[in-house]
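Visitor: Got a structure for you, questions after.
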Amino acid sequence: MLFGKKDKNKITITSWIYKAKLKSGKKTKGSIDADTKEKAEIQLRQKGYSDIKIKKQPKDLLPKKISYQDITEMTRQLATMTKAGIPIIKSFEVFIIGIRKHPRLKILAIEIKQAIEGGESFSKALSNFPKIFDKLYVGLITAGEESGNLDLMLNKIADQREALQSIKKKVKKALSYPIIVCIIAAGVTGILLTFAVPAFSAMFINSGKPLPAITQLTVDASNFMQNSWWKIILAIFITISVYKSLKFRFPKIQIAQDHFMLKIPIIGEVIFKSSLARFASTLEITVQSGMSLTRALDMVSLATGNAKYDQAALDIKKSINEGASFKEAIVETGIFPFLVEQMIAVGEESGALETMLGNLNRVYQEEVDTLVGSLSSMLEPLIMIVLGGVVGFLVVSMYMPMFQMGDAI
Numbered sequence: 024m025l026f027g028k029k030d031k032n033k034i035t036i037t038s039w040i041y042k043a044k045l046k047s048g049k050k051t052k053g054s055i056d057a058d059t060k061e062k063a064e065i066q067l068r069q070k071g072y073s074d075i076k077i078k079k080q081p082k083d084l085l086p087k088k089i090s091y092q093d094i095t096e097m098t099r100q101l102a103t104m105t106k107a108g109i110p111i112i113k114s115f116e117v118f119i120i121g122i123r124k125h126p127r128l129k130i131l132a133i134e135i136k137q138a139i140e141g142g143e144s145f146s147k148a149l150s151n152f153p154k155i156f157d158k159l160y161v162g163l164i165t166a167g168e169e170s171g172n173l174d175l176m177l178n179k180i181a182d183q184r185e186a187l188q189s190i191k192k193k194v195k196k197a198l199s200y201p202i203i204v205c206i207i208a209a210g211v212t213g214i215l216l217t218f219a220v221p222a223f224s225a226m227f228i229n230s231g232k233p234l235p236a237i238t239q240l241t242v243d244a245s246n247f248m249q250n251s252w253w254k255i256i257l258a259i260f261i262t263i264s265v266y267k268s269l270k271f272r273f274p275k276i277q278i279a280q281d282h283f284m285l286k287i288p289i290i291g292e293v294i295f296k297s298s299l300a301r302f303a304s305t306l307e308i309t310v311q312s313g314m315s316l317t318r319a320l321d322m323v324s325l326a327t328g329n330a331k332y333d334q335a336a337l338d339i340k341k342s343i344n345e346g347a348s349f350k351e352a353i354v355e356t357g358i359f360p361f362l363v364e365q366m367i368a369v370g371e372e373s374g375a376l377e378t379m380l381g382n383l384n385r386v387y388q389e390e391v392d393t394l395v396g397s398l399s400s401m402l403e404p405l406i407m408i409v410l411g412g413v414v415g416f417l418v419v420s421m422y423m424p425m426f427q428m429g430d431a432i
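Sequential numbering of the sequence shown, starting at 24, is according to this note's numbering.
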């Protein structure tokens, strides 16, 4: 098995590369999925192929991973087919036939289909692949199976995943702007220190006169860049690698990072409101699925994208279990806006909690759109200011000795 938990009784599907001749005598090549080389050859002969040569497809020719978007598209297609009354196994057969250029996704779909044919429920078959289908996805499918509305649930899951993916893209876009500013500034500085400054520094050194502090600093930085640029790159690489390793081993580091990100001007606001949108969106779909509120909050704690709000979902659940109302539990956390508190209160009192959660989701998605749009317009002049400052500093530091020479004359 390529993705899921090991099972000795389960067939392992492999991708094979083949070359063969058609009935017309024309040569052809391609790939085929089968659990053994012999079965792959049988499939090809049944198609009328001859002079068949088969070898296992190297892993490095397979796509590295199945993306979030791949699963969203699969979910949408399954939703469409099951809504039309096509059984889930037949839906997978149609989906598998339609996959042309993604062997890993095809293998995954085949393994899920085989598990269902072997007697497992759809949700149980998905749970064999925890790295691809998280607890939220499996939990919602379970709810859809139990309610007899699997097609509706698949459609809601696809809608929610598309909405979450849209939010993720907006947050990444917001975070990319300051990174771009830093990279451009660092690149311009590196080029000037490596190529422009040495031409000036040689002239100054030959004059034999002491350099102003600002010029000496620039010359020293230039010398370091020329002699030790690889040390800088190595240090950056090691720092990032160590940080990622520590973050994986110690969850508190991720929590601290998420708290810090919320405090960054503008960007923190984007992350804050995107977390609220994901909180509301996930809670809406889980409550709609028929899950209890406390079970739904467990699912929310896996989906906000920020450790602070993941933990808040668990804190709210704990307060509800201790007898608090949902609104009281929200207020008790102290981290949700007044709008959230009031709309939750109205939804809870009127029995329209799902509607209020949907409204909150739309409100915060719109605010994220507005913030990301304003961020780009604000950072364009900032980029010019930063670059102008860097270039200006270097120009002044290089010309200052010339000004001093002129004063001496």
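Glycine included, every Cβ here is placed at the ideal spot set by N, Cα and C.
1. Please identify the residue among 44, 186, 151 and 289 whose C-alpha is closest to the C-alpha of residue 327.
2. If residue 350 and residue 371 are in contact, beta carbons under 8 Å, what's the gap, nearest whole angstrom?
3. CA-CA distance, residue 375 and residue 381?
4. Taking the alpha-carbon of residue 192 as reference, which of 46, 392 and 69 has the nearest alpha-carbon?
5. So, with DSSP's three-state summary, where would you put residue 327?
6. For a quick check, are the C-beta atoms of residue 241 and residue 413 less than 7 Å apart?
7. Compare the Cα-Cα distances from residue 43 to each of 158, 284 and 74 and report the closest residue.
8. Grab me the residues of residue 365's own chain with a C-beta within less than 7 Å of its C-beta, minus the 5 sequence neighbours each way, in chain order.
9. So, is residue 311 buried or exposed, given that buried needs 16 or more other C-beta atoms within 10 angstroms?
10. Sorted by chain position, which residues of the same chain lie with C-beta nearer than 8 Å to residue 122's C-beta, five sequence neighbours on each side aside?
11. Quick one: using the 10 Å Cβ neighbour count with 16 as the cut-off for buried, is residue 262 buried or exposed?
12. Taking 7 Å as the cut-off, decide whether the C-beta atoms of residue 276 and residue 269 are in contact.
13. Inspect the beta-carbon positions of residue 424 and residue 238 and report whether they are closer than 7 Å.
14. Does the distance from the CB of residue 196 to the CB of residue 418 come in under 7 Å?
15. Out of curiosity, what's the CA-to-CA distance linking residue 61 and residue 205?
16. Do the CB positions of residue 190 and residue 89 come within less than 7 Å of each other?
17. How many angstroms separate the CA atom of residue 272 from the CA atom of residue 265?
18. Skipping 5 residues on each side, what residues in its chain have a beta carbon closer than 6 Å to that of residue 106?
19. Is it buried or exposed for residue 184, if we count other Cβ within 10 angstroms and need 16 for buried?
20. Count the other CB atoms, across all protein chains shown, that sit within 10 Å of the CB of residue 68; report buried if there are 16 or more and exposed otherwise.
21. Let me confirm a value: residue 171 is counted as buried when at least 16 other C-beta atoms fall within 10 Å, else exposed. Which label applies?
Guide: Working from what's here:
1. Minimum Cα distance to residue 327 is reached at 186.
2. Confirmed, about 6 Å.
3. Distance between the alpha carbons of residue 375 and residue 381: 10 Å.
4. Taking the Cα of residue 192 as reference, the smallest distance to any Cα among 46, 392 and 69 is reached at 392.
5. Residue 327: coil per DSSP, three-state reduction.
6. Between residue 241 and residue 413, the CB-CB gap reaches or exceeds 7 Å.
7. The shortest Cα separation from residue 43 among 158, 284 and 74 belongs to 74.
8. Here the set comprises nothing.
9. With 16 or more neighbouring CB atoms inside 10 Å of its own CB, residue 311 falls in the buried class.
10. The answer, listed in chain order, is 128, 129 and 132.
11. Classification of residue 262: exposed, given that the 10 Å Cβ count is below 16.
12. The answer is yes: Cβ separation under 7 Å.
13. Their beta carbons are under 7 Å apart, which means residue 424 touches residue 238 by this criterion.
14. Against a cut-off of 7 Å, the Cβ pair of residue 418 and residue 196 comes out as no contact.
15. Rounded to whole angstroms, residue 61 to residue 205 spans 56 Å at the Cα level.
16. For residue 190 and residue 89, no; Cβs fall outside 7 Å.
17. Answer to the nearest angstrom: the Cα atoms are 11 Å apart.
18. For residue 106, the CB contacts under 6 Å within the same chain, skipping 5 residues up- and downstream, are 174 in chain order.
19. Counting other Cβ atoms within 10 Å of its Cβ, residue 184 reaches 16 or more and is therefore classed as buried.
20. Classification for residue 68: exposed.
21. Residue 171 sits exposed, since fewer than 16 C-beta atoms from the chains shown fall within 10 Å of its C-beta.
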